[in-house]
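Visitor:
Protein chains: 2
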Amino acid sequence: MPGSEFNIIQRFFTEPARLLSDRQGHSDIVLGIGDDCAIISPPVIGPPVAPPDNQQLVVSIDTLISGVHFPEQTSPQAIAHKALAVNLSDLAAMGAEPCWFTLALTLPEADESWLASFSSALFKLAEEYNIALIGGDTTRGKLAITIQVAGYVPQGKALLRSGAQVGDIIAVSGELGAASIGLDIVLEKNQKTYHCLSEKQQQAALFALNYPSPKIKEGLLLRNYAHAALDLSDGLLSDLGHILKASAVGADVFLEQLPLAESLQCLAPEQAWERALSGGDDYQLCFTLDSDKWQQLKNIEPHFTAIGVITDTHKLRLLNRSGELFLPRNGGYNHFE
Amino acid sequence: MPGSEFNIIQRFFTEPARLLSDRQGHSDIVLGIGDDCAIISPPVIGPPVAPPDNQQLVVSIDTLISGVHFPEQTSPQAIAHKALAVNLSDLAAMGAEPCWFTLALTLPEADESWLASFSSALFKLAEEYNIALIGGDTTRGKLAITIQVAGYVPQGKALLRSGAQVGDIIAVSGELGAASIGLDIVLEKNQKTYHCLSEKQQQAALFALNYPSPKIKEGLLLRNYAHAALDLSDGLLSDLGHILKASAVGADVFLEQLPLAESLQCLAPEQAWERALSGGDDYQLCFTLDSDKWQQLKNIEPHFTAIGVITDTHKLRLLNRSGELFLPRNGGYNHFE
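So the sequences go chain by chain: A and B. For the first sequence, the tail end lands on 400 under this note's numbering, and the numbers increase by one without skipping. For the second sequence, the tail end lands on 400 under this note's numbering, and the numbers increase by one without skipping.
(1) Can you find a C-beta in chain A that's less than 8 Å from the C-beta of T126 of chain B?
(2) Between R384 of chain B and P365 of chain B, what straight-line distance do the alpha-carbon atoms span, to the nearest angstrom?
(3) 8 Å is my cut-off, CB to CB: does E265 of chain B come that close to chain A?
(4) List, in chain order, every chain B residue whose beta-carbon is nearer than 7 Å to that of R286 of chain A.
(5) From the DSSP output, which residues share a beta bridge with T202 of chain B?
(6) Please classify R224 of chain B: is it buried, with 16 or more other beta-carbons within 10 angstroms of its beta-carbon, or exposed?
(7) Between L303 of chain B and A314 of chain B, which are expected to be in contact by the criterion C-beta below 8 Å, what is the C-beta distance as a whole number of angstroms?
(8) Grab me the residues of Y274 of chain B's own chain with a C-beta within less than 6 Å of its C-beta, minus the 5 sequence neighbours each way, in chain order.
(9) Leaving aside the five residues before and after A339 of chain B along the sequence, list all residues of the same chain whose C-beta is less than 6 Å from its C-beta, in chain order.
(10) Enumerate in chain order the residues of its own chain whose CB-to-CB distance from P171 of chain A is below 8 Å, with the five nearest sequence positions on each side excluded.
(11) What are the uninterrupted segments assigned as beta strand (DSSP E) that are 3 or more residues long and contained completely in the stretch 221–292 of chain A, given in chain order?
(12) So what does A314 of chain A bridge to, in DSSP terms?
(13) Does F133 of chain A have its Cβ less than 8 Å from a Cβ in chain B?
(14) Using a Cβ-Cβ distance under 8 Å, would D405 of chain B count as near chain A?
(15) I need the DSSP call for P134 of chain A, collapsed to helix, strand or coil.
(16) Take D125 of chain A as the anchor and find which of A:K255, A:I208 and A:R380 has the nearest alpha-carbon.
(17) Would you kindly report the start and end of the unbroken beta strand (DSSP E) that includes I103 of chain A?
(18) Report yes or no: do three or more beta-carbon pairs, one from the stretch 183–197 of chain A and one from the stretch 238–257 of chain A, lie closer than 8 Å?
(19) Give me, in chain order, the residues of the same chain whose beta-carbon lies closer than 7 Å to that of I128 of chain A; leave out the 5 immediate sequence neighbours on both sides.
(20) To the nearest whole angstrom, what separates the beta carbons of K278 of chain A and L348 of chain A, a pair I think is in contact under 8 Å?
(21) Per DSSP, W163 of chain A forms a beta bridge with which residues?
(22) Cβ closer than 8 Å: which chain A residues qualify as neighbours of T137 of chain B?
(23) Could you tell me which of A:A309, A:L272 and A:G214 sits nearest to Q119 of chain A, measuring between CA atoms?
(24) Would V122 of chain A pass as an interface residue toward chain B - the criterion being a Cβ-Cβ separation below 8 Å?
(25) Rounded to the nearest angstrom, what separates T77 of chain A and V212 of chain B at their Cα positions?
(26) CA-CA distance, T256 of chain A and N393 of chain A?
(27) Would a check of beta-carbon distances place G204 of chain B closer than 8 Å to chain A?
(28) Quick check on this structure: which residue in B:Q254, B:T137, B:T351 and B:P161 has the alpha carbon closest to the alpha carbon of F270 of chain B?
(29) Counting only Cβ-Cβ distances shorter than 9 Å, please list the residues of the stretch 185–199 of chain A near chain B, keeping chain order.
(30) Kindly indicate which three-state DSSP category D44 of chain A falls into: helix, strand or coil?
(31) Buried or exposed: where does A80 of chain A fall if 16 or more other Cβ atoms within 10 Å of its Cβ makes it buried?
(32) Give the single residue among B:G342, B:E333, B:K187 and B:H258 whose Cα lies nearest to the Cα of L299 of chain B.
(33) Is the shortest distance between the beta-carbon of S301 of chain A and the beta-carbons of chain B less than 8 Å?
(34) Counting only C-beta atoms, is D91 of chain A closer than 8 Å to chain B at any point?
(35) Work out the CA separation of D345 of chain B and A148 of chain A for me, nearest whole Å.
(36) Can you tell me whether S176 of chain A is buried or exposed, with buried defined as 16 or more other CB within 10 angstroms of its CB?
Structure below.
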């Protein structure tokens, strides 16, 4: 079946890519398609270098399109921030330190004040995360931004989706669901999801949508703790599913433990869970780790929250306090559904 | 003045990028925005490695948009080929060996047969040039393809735009102007430019437009010859202008020496020159080298053609056999004019 983004990548690109890189002896490519980033060990010809000190390069590419990834009325500042932030978030999910990025910018016209706002917000975030813009391309068309980021990680230290082990605790780096309320506010949709929020709380939801904070620092810390990690872009259900599939395990998620954003307070518990499970754009990290290490990590990062455990069931089960199964109405976000 | 692609990059992105990478001590970034590719020396922590043996990473990103970079009726095979080929061409222009690429694909719908054709043509070219697809992103929207390529080049061996020296010979790697006729044929525009061509010759012009051959082999050879190089994407006049500006020199180009494609034969000489000078999409390399080395290089690659000399005039002059100046009506292609 075509129709889902994952199927498209899997069917038309992953398998030929694997065959090609296997056959031609690309020994520099440590990990190709399928995780948050690819991993490369650049070839160094000359005296061998002690492997544990070698840095590997991790890279990721993401496109944001006006009207798809952000509403058309979004400000140039928010667009620039988000385009770089979602890519930095992929580096965070690998435990990588940002180093450089390239930008392919498609613009309907060369609007000077738009460009000035866009570029200044872009460089503000770049400076905050110490990442350098090294190349780009501009072209004319409907507004779209493609950014490719690269980062460094010590050899063998990258956080993959495939390392989750039965018995691991599943945790997230912070609150879930606020961005999905922000999107309702922008689109003036489902007013019941935000009618009870104060103006300040509505602003906070908009901020969560437009100005996500990539969890780079948290990713660096997790190098020494996590067995598996990714960032939440399409919703917890869909994204945690990638860890389960890549690691060939199952999971029990405990609904009352989900760290619900304050923005979800207008909703009944079931509706709030739906948002925390299926709302996109949270850009928190989701990771698994040995249960023995949880308390130590929680002491360092008190806002990390345990939400479940890895099981050998090969299923993702959502359980309430009474142990009853919860069946959400929506999965994660899918561009092609 | 906004309005030109080069001005946009210069004004809004180059200067802040330079300031940022200077201030924060990005010692791995050897060359940022402004050439065909950026150059990175990945950090290797551990015993120092003899510098001349180190490989540097060169990267470049390019977007192709339906209706802008290719006519909307273009086949998925041709789109895939061209999207990867124009990026490989940037690597060729640096003298780099292709290693990996990432793909950000925006599609109006998940059309299975379109995707099968696209991906098989993409991997065919990737296999030919031994480059591996390592990551990607798919999203929904008007058809657009962004590819970022990376290649390796021994430290200090990359071909830059900035090395041209007064007295250098200016040469190109092959025939010019065919792709611009191919575009007229597709768009059924300016029929007088191709009315005298046979069907076979028209097919050859279409092939030049849709299936450019990146000059990787030629770029590797030029590492040992060229002072400056780039690839011709927007037309010789505009692109040679980048070498002159980056090298702070001028040039005399001799019109009768331009290697005109057979596809230009329906045109009067002046019109054919215009096409060779201003037609886009040729993807030949243009380079400068010491005049003493020219004959040696020409013996290895007989299809290389000398077209002019680098001067200290700071002007680009187009001269006919009688030494008269020729003033073309068009410059190169500019997305924002």
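Ideal Cβ positions, reconstructed from N, Cα and C, are used throughout, including at glycine. Since the model is a prediction, treat every value here as computed from it, not as a measurement.
Guide: Let me lay it out:
(1) One-based indexing of the second sequence puts residue 126 of chain B at position 63. In terms of beta-carbon proximity, T126 of chain B lines the interface with chain A, with at least one pair separated by less than 8 Å.
(2) Here residue 384 of chain B refers to the residue found at position 321 of the second sequence. Here residue 365 of chain B refers to the residue found at position 302 of the second sequence. If I take the Cα positions, the gap works out to 23 Å.
(3) For this step, residue 265 of chain B is matched to residue 202 along the second sequence. Here residue 265 of chain B turns out to be Gln, not Glu, going by the sequence shown. Under the Cβ criterion of 8 Å, Q265 of chain B is not counted among the residues facing chain A.
(4) For the purposes of this step, residue 286 of chain A is taken as residue 223 along the first sequence, with counting starting at 1. Counting only Cβ-Cβ distances below 7 Å, R286 of chain A has no contacts in chain B at all, with the closest Cβ about 15 Å away.
(5) Here residue 202 of chain B refers to the residue found at position 139 when the second sequence is read from its first residue. In DSSP, T202 of chain B forms a bridge with B:T169.
(6) For the purposes of this step, residue 224 of chain B is taken as the residue at position 161 of the second sequence. By the 10 Å Cβ count, R224 of chain B comes out buried.
(7) Position 240 of the second sequence, counted from the first residue, corresponds to residue 303 of chain B. Position 251 of the second sequence, counted from the first residue, corresponds to residue 314 of chain B. Contact holds; Cβ gap of about 6 Å.
(8) In the second sequence, the residue the question calls residue 274 of chain B occupies position 211. Apart from sequence neighbours up to five positions away, the residues of its chain that approach Y274 of chain B with a beta-carbon distance below 6 Å are H144, ordered along the chain.
(9) As a first step, residue 339 of chain B must be located in the second sequence, where it is residue number 276. Annotation for A339 of chain B: L239, G240, L321 and L323 place their beta carbon closer than 6 Å to its own, counting only its chain and skipping 5 residues before and after.
(10) Residue 171 of chain A sits at position 108 when you count from the first residue of the first sequence. The beta carbon of P171 of chain A sits closer than 8 Å to those of R203, G204, K205 and L206, all from its chain and outside the five residues before and after it, given in chain order.
(11) Within the stretch 221–292 of chain A, the runs of beta strand (DSSP E) at least 3 residues long that lie entirely inside it are, in chain order, 232–235.
(12) One-based indexing of the first sequence puts residue 314 of chain A at position 251. Beta-bridge pairing links A314 of chain A to A:I373 and A:L379.
(13) Walking along the first sequence from the start, residue 133 of chain A turns up at place 70. For F133 of chain A, the closest Cβ of chain B is not nearer than 8 Å.
(14) Since the first and last residues shown for chain B are 64 and 400, residue 405 of chain B lies out of range.
(15) On the first sequence, position 71 is the one that residue 134 of chain A refers to. For P134 of chain A, the three-state secondary structure derived from DSSP is coil.
(16) Start at 1 with the first residue of the first sequence, and residue 125 of chain A comes out as number 62. The shortest C-alpha separation from D125 of chain A is found at A:I208.
(17) Within the first sequence, numbered from 1, the residue matching residue 103 of chain A stands at position 40. Per DSSP, I103 of chain A belongs to the beta strand (DSSP E) from A101 to I103.
(18) No: the two stretches stay apart, fewer than three of their Cβ pairs being nearer than 8 Å.
(19) Numbered from 1 along the first sequence, position 65 holds the residue referred to as residue 128 of chain A. A distance below 7 Å between beta-carbons, with the five flanking residues on each side excluded, links I128 of chain A to the following residues of its chain, in chain order: A207.
(20) Against the first sequence, residue 278 of chain A aligns to sequence position 215. Against the first sequence, residue 348 of chain A aligns to sequence position 285. For a cut-off of 8 Å, the C-beta gap from K278 of chain A to L348 of chain A is around 5 Å, short enough to register as a contact.
(21) Stepping through the first sequence from its first residue, residue 163 of chain A is reached at position 100. As computed with DSSP, W163 of chain A is found in a beta bridge with A:A195 and A:A213.
(22) In the second sequence, the residue the question calls residue 137 of chain B occupies position 74. Among the residues of chain A, none has a CB under 8 Å from the CB of T137 of chain B; the nearest is roughly 15 Å distant.
(23) In the first sequence, the residue the question calls residue 119 of chain A occupies position 56. Out of A:A309, A:L272 and A:G214, A:G214 has the C-alpha closest to the C-alpha of Q119 of chain A.
(24) Stepping through the first sequence from its first residue, residue 122 of chain A is reached at position 59. Yes, contact with chain B.
(25) Counted from its first residue, the first sequence places residue 77 of chain A at position 14. Counted from its first residue, the second sequence places residue 212 of chain B at position 149. Computed Cα separation, rounded: 17 Å.
(26) Residue numbering aside, residue 256 of chain A sits at position 193 when the first sequence is read from its first letter. Residue numbering aside, residue 393 of chain A sits at position 330 when the first sequence is read from its first letter. Cα to Cα, T256 of chain A sits roughly 16 Å from N393 of chain A.
(27) Translated into the one-based positions of the second sequence, residue 204 of chain B becomes position 141. Under the Cβ criterion of 8 Å, G204 of chain B is counted among the residues facing chain A.
(28) Indexing the second sequence from 1 puts residue 270 of chain B at position 207. Residue B:T137 is the option with its Cα nearest to F270 of chain B.
(29) Using a CB distance below 9 Å, the part of the stretch 185–199 of chain A facing chain B consists of L185, F186, A189, E190, N193, I194, A195, L196, I197, G198 and G199, ordered along the chain.
(30) The structure shown does not extend to residue 44 of chain A, since chain A spans only 64 to 400, so no value can be given for it.
(31) By 1-based counting over the first sequence, the position of residue 80 of chain A is 17. Burial call: buried.
(32) Residue mapping note: residue 299 of chain B aligns to position 236 of the second sequence, counting from 1. Minimum Cα distance to L299 of chain B is reached at B:G342.
(33) Numbered from 1 along the first sequence, position 238 holds the residue referred to as residue 301 of chain A. For S301 of chain A, no Cβ of chain B is located within less than 8 Å of the residue's own Cβ.
(34) If you number the first sequence from 1, residue 91 of chain A lands on position 28. Contact of D91 of chain A with chain B is assigned, a C-beta pair being separated by under 8 Å.
(35) Walking along the first sequence from the start, residue 148 of chain A turns up at place 85. Walking along the second sequence from the start, residue 345 of chain B turns up at place 282. Distance from the CA atom of A148 of chain A to the CA atom of D345 of chain B, rounded to whole angstroms, is 37 Å.
(36) Your numbering for residue 176 of chain A matches position 113 in the first sequence. Per the 10 Å Cβ criterion, exposed.
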